[in-house]
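Peer 1: Sharing a structure with you now.
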Ligand SMILES: Nc1ncnc2c1ncn2[C@@H]1O[C@H](COP(=O)(O)OP(=O)(O)O)[C@@H](O)[C@H]1O
Ligand SMILES: [Mg+2]
């Protein structure tokens, strides 16, 4: 199976603004990748190029092996825009009917039932958009993006407008997508979202990828936090392998050891270091 997404040396210029300055990114089938970066970093631009809404200025983007923007690439994609709005007067069910038509999905009522169930809107299928909370609309948005069984789901800031409970629901929904082996590119300027659900994180800053990797690769070990009768202290530059020796030495020195904890820098610290920006 080809990767769900590949970009190579992807460039986008809007007049004098360089939104993407050569981005190489790959997402494996079924992988959940967080694209993290401050506002203006280029996250939405990258997503729109992958969707075929915006044309790149250079480099390439492929979806499941097909050129971004091509018919087969479009068919493999589900997209939820950052600030979407559904027609107020439609019910949840009607929104899905509309999108099935737009996506030429033949899934019919079975697909709608399945998707409404997946996002927890079965009982709200007749509720109009105008009567829905933000969180319900966002879940409907995810259901809409899943119409036609895409292989790659592109979510642009799906939780930024939600309260903590709504965010949590979307996170749980993303976890459920794993079972369906749908690859996800999740754009966010919110670290916690990405930290909690993604397999891998790519950090974008001024149109460049400044880091990419699994969470434990982006965060680094800061040492051991040791609590003894003398108090709590951080011993730097030591890892798990040195713990037994360290404890023996402390005990030999007459200290009572209450706890030893490995401390890693957080993704937030890595983000701040790499982008030099405020991790709102
Ligand atoms: N349609 C556009 N015309 C001109 N400049 C744009 C356009 N869209 C985005 N930009 C600029 O490109 C850069 C990246 O924007 P964007 O991709 O929206 O970043 P993000 O989604 O990470 O906040 C910003 O400097 C933004 O002002
Ligand atoms: Mg954006």
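Residue numbers (this note's numbering): 547 to 826. Positions of the beta carbon are idealized from the N, C-alpha and C atoms, including for glycine.
Do residue 622 and residue 696 count as a contact pair if the criterion is CB distance below 7 Å?
Peer 2: Your numbering for residue 696 matches position 150 in the chain shown. Your numbering for residue 622 matches position 76 in the chain shown. Closer than 7 Å, so yes.
Peer 1: Is any non-hydrogen atom of ligand 2 found closer than 6 Å to the C-beta of residue 590, if you look at the structure I gave you?
Peer 2: Position 44 of the chain shown, counted from the first residue, corresponds to residue 590. Yes, Cβ of residue 590 sits closer than 6 Å to a heavy atom of ligand 2.
Peer 1: Confirm the yes/no value for this check: CB of residue 583, any heavy atom of ligand 1, distance under 6 Å.
Peer 2: Start at 1 with the first residue of the chain shown, and residue 583 comes out as number 37. Yes, the Cβ of residue 583 comes within 6 Å of a heavy atom of ligand 1.
Peer 1: Does residue 762 pass the burial test, meaning 16 or more other C-beta atoms within 10 Å, or should it be called exposed?
Peer 2: Here residue 762 corresponds to residue number 216 of the chain shown, with the count starting at 1. Exposed is the call here.
Peer 1: Answer yes or no: do residue 736 and residue 589 have a C-beta to C-beta separation smaller than 7 Å?
Peer 2: Position 190 of the chain shown, counted from the start, is the residue given in the question as residue 736. Position 43 of the chain shown, counted from the start, is the residue given in the question as residue 589. Not closer than 7 Å, so no.
Peer 1: What did DSSP end up calling residue 825 once you bin it into helix, strand or coil?
Peer 2: On the chain shown, position 279 is the one that residue 825 refers to. Caution applies to residue 825, whose pLDDT of 44 falls short of 50 and renders its modelled position unreliable; the value that the coordinates give is listed next. It is coil, neither helix nor strand.
Peer 1: Relative to ligand 1, is the shortest distance from any of its heavy atoms to the C-beta of residue 587 smaller than 6 Å?
Peer 2: Sequence index remark: in the chain shown, residue 587 carries index 41 (1-based). Checking every heavy atom of ligand 1 against the Cβ of residue 587, one is found closer than 6 Å.
Peer 1: What is the DSSP secondary structure of residue 728, reduced to helix, strand or coil?
Peer 2: Residue mapping note: residue 728 aligns to position 182 of the chain shown, counting from 1. In the structure shown, residue 728 sits in coil (DSSP, three-state: anything other than H, G, I, E or B).
Peer 1: Among 568, 647, 719, which residue has its Cα nearest to the Cα of residue 606?
Peer 2: Residue mapping note: residue 606 aligns to position 60 of the chain shown, counting from 1. Out of 568, 647, 719, 568 has the C-alpha closest to the C-alpha of residue 606.
Peer 1: List the endpoints of the continuous beta strand (DSSP E) containing residue 774.
Peer 2: Here residue 774 is taken as the residue at index 228 of the chain shown, counted from 1. Here the beta strand (DSSP E) through residue 774 covers 767 to 774.
Peer 1: How big is the Cα-Cα spacing for residue 603 and residue 717?
Peer 2: Your numbering for residue 603 matches position 57 in the chain shown. Your numbering for residue 717 matches position 171 in the chain shown. Each residue's Cα considered, the two are about 34 Å apart.
Peer 1: Cβ of residue 625 within 6 Å of any heavy atom in ligand 1?
Peer 2: For the purposes of this step, residue 625 is identified with residue 79 of the chain shown, where counting begins at 1. Result no, Cβ not under 6 Å from ligand 1.
Peer 1: Does the distance from the CB of residue 496 to the CB of residue 799 come in under 7 Å?
Peer 2: Look at the range of the chain in this structure, 547 to 826, and you will see that residue 496 is not part of it.
Peer 1: Is residue 705 near ligand 1, going by C-beta to nearest heavy atom under 6 Å?
Peer 2: On the chain shown, position 159 is the one that residue 705 refers to. Answer for residue 705: no, Cβ out of range of ligand 1.
Peer 1: What would DSSP say about residue 657, mapped onto helix, strand or coil?
Peer 2: One-based indexing of the chain shown puts residue 657 at position 111. Looking at residue 657 - three-state DSSP - the assignment turns out to be helix.
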